[in-house]
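*Asks:*
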Amino acid sequence: MTHRIAILGASGYTGAELVRLIATHPGMEIVALSADRKAGQGMAEVFPFLRHMALPTLQRIEEIDFSQVDLAFCALPHATSQAVIGELPRDLKVVDLSADFRLRDPAEYAKWYGQPHSQPELQKEAVYGLTEFYRDEIRAARLVAGTGCNAATGQYALRPLIEAGVIDLDEILIDLKAGVSGAGRSLKENLLHAELSEGTQAYSAGGKHRHLGEFDQEFTKAAGRPVLVQFTPHLLPMNRGILASVYVRGDAAQVHATLAARYAAEPFLHVLPFGALPSTHDIRGSNYVHVGVTGDRIPGRVLVVAALDNLCKGSSGQAMQNANLMLGLEETAGLLMAPVFP
Numbered sequence: 005m006t007h008r009i010a011i012l013g014a015s016g017y018t019g020a021e022l023v024r025l026i027a028t029h030p031g032m033e034i035v036a037l038s039a040d041r042k043a044g045q046g047m048a049e050v051f052p053f054l055r056h057m058a059l060p061t062l063q064r065i066e067e068i069d070f071s072q073v074d075l076a077f078c079a080l081p082h083a084t085s086q087a088v089i090g091e092l093p094r095d096l097k098v099v100d101l102s103a104d105f106r107l108r109d110p111a112e113y114a115k116w117y118g119q120p121h122s123q124p125e126l127q128k129e130a131v132y133g134l135t136e137f138y139r140d141e142i143r144a145a146r147l148v149a150g151t152g153c154n155a156a157t158g159q160y161a162l163r164p165l166i167e168a169g170v171i172d173l174d175e176i177l178i179d180l181k182a183g184v185s186g187a188g189r190s191l192k193e194n195l196l197h198a199e200l201s202e203g204t205q206a207y208s209a210g211g212k213h214r215h216l217g218e219f220d221q222e223f224t225k226a227a228g229r230p231v232l233v234q235f236t237p238h239l240l241p242m243n244r245g246i247l248a249s250v251y252v253r254g255d256a257a258q259v260h261a262t263l264a265a266r267y268a269a270e271p272f273l274h275v276l277p278f279g280a281l282p283s284t285h286d287i288r289g290s291n292y293v294h295v296g297v298t299g300d301r302i303p304g305r306v307l308v309v310a311a312l313d314n315l316c317k318g319s320s321g322q323a324m325q326n327a328n329l330m331l332g333l334e335e336t337a338g339l340l341m342a343p344v345f346p
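Each residue of the sequence shown is one higher than the last, beginning at 5 in our numbering.
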């Protein structure tokens, strides 16, 4: 059986990544693509790398016949997404890639995103889309909220350790480096080549980054008590990839064993041999996550490093993994491509 797919917001990076992934998916067919300013154009005009594909013309969302759609990926900006999903048919399966349904508490959403949530009932319905930790809930869900790409990277490094109680929960530091595509496709002065290349910078430092809302929510749930982490992201002049260096207190061998045991059966999570650390080169363009652990010369201090592709496993690949579960398909379908190297 082939499932009919719509991608709302197909002219952005995550929308294009979804098209790329669905191109080789054995059980999905794209029947509708939406865009706002680029409505009426073909995907080959917007993304020439997709010109070999026969794809629907971009159209406005209100022009799509959703009775002919089995599942919609919503790759729209924050705030826009909740308004659009609120108007979709209530029996339509939806995977949202924005931040609009990630936080369960409406007050927390207002705190981190600066405005009240317009769809609080849908917010209650949404399942958090960190696939490896919410698999059963996702299978039964109608609406799944994709995680933030930074939030996913930090959780893959830390969540099993918090659940197992093998690290000090009051001393967790996440130092993260992210590629520029994580900022989206809109024109921004600080992302111009002349402003970004040959340098790096911290941003949203001092506890201001919105993905801290996800860390607070998910780590506190995993621990059964409040957990607050120190988190500083940095923007690097590379197109794709996230690398998180996570500093914790514990026994390095136990930390490595805990992660290796938790992810042993996971198709996309690979824990490297003790002492080996991952690179963004090794996961580029793929749905894989590499996690490495090493000790420190200071006893009791441990470094955990996690790397993933922000557009794939951090967003669109994770969205497809969740959609596969929602549609009763093989979870890995369309996602087993090898990373791109060099």
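Where is the CB? At the ideal position from N, CA and C, for every residue including glycine.
Which residue marks the beginning of the beta strand (DSSP E) containing residue 251, and which one marks its end?
*Replies:* Counting along the chain, the beta strand (DSSP E) containing residue 251 begins and ends at 246–253.
*Asks:* With DSSP as the reference, label residue 166 as helix, strand or coil.
*Replies:* It is helical.
*Asks:* For residue 272, name the three-state secondary structure that DSSP assigns.
*Replies:* Coil at residue 272, not helix or strand.
*Asks:* Out of 74, 112, 116, which has the shortest C-alpha to C-alpha gap to residue 98?
*Replies:* The shortest Cα separation from residue 98 among 74, 112, 116 belongs to 74.
*Asks:* Between the Cα of residue 6 and those of 345, 61, 333, 203, spot the shortest distance and give me the residue it belongs to.
*Replies:* The option with the nearest alpha carbon to residue 6 is 333.
*Asks:* Between which two residues does the alpha helix (DSSP H) holding residue 23 run?
*Replies:* Note, residue 23: alpha helix (DSSP H), 17–26.
*Asks:* Excluding the five sequence neighbours on either side, which residues of its own chain have a C-beta within less than 7 Å of the C-beta of residue 279, listed in chain order?
*Replies:* Cβ within range, chain order: 298.
*Asks:* Distance cutoff 8 Å, beta carbons only. Does residue 39 sit that close to anything in chain D?
*Replies:* No chain D is present in this structure, which holds just one protein chain.
*Asks:* If residue 124 sits next to residue 102, beta carbons under 8 Å apart, how far is it from one beta carbon to the other, in whole angstroms?
*Replies:* The Cβ separation is near 16 Å, so there is no contact.
*Asks:* For residue 20, which of 231, 53, 203, 250 has the nearest alpha-carbon?
*Replies:* Answer by Cα proximity: 53.
*Asks:* With DSSP as the reference, identify every bridge partner of residue 294, one or two as the case may be.
*Replies:* Paired residue(s): 274, 311.
*Asks:* Does the region 133–150 touch the region 176–188, meaning 3 or more C-beta pairs lie closer than 8 Å?
*Replies:* Result no; under three Cβ-Cβ pairs closer than 8 Å.
*Asks:* Can the beta-carbon of residue 165 be found less than 8 Å from the beta-carbon of residue 246?
*Replies:* In this structure, residue 246 does not lie closer than 8 Å to residue 165 by Cβ.
*Asks:* Hey, out of 71, 105, 72, whose CA is closest to residue 78's CA?
*Replies:* Here the closest residue by C-alpha is 105.
*Asks:* If contacts are defined as beta-carbon pairs under 8 Å, then residue 204 and residue 147 qualify, I think. What distance do you get, rounded to the angstrom?
*Replies:* Not a contact, Cβ separation roughly 37 Å.
*Asks:* Quick check for students: name the residue ranges of the beta strand (DSSP E) that lie wholly in the region 68–136, counting only runs of 3 or more.
*Replies:* Counting whole runs of 3 or more residues, the region 68–136 contains the beta strand (DSSP E) stretches 75–78, 97–100.
*Asks:* Under a Cβ-count criterion, where at least 16 other Cβ atoms within 10 Å of its own Cβ denotes burial, should residue 268 be classed as buried or exposed?
*Replies:* Exposed is the call here.
*Asks:* Tell me whether residue 185 sits in a helix, a strand or coil according to DSSP, three-state version.
*Replies:* It is helical.
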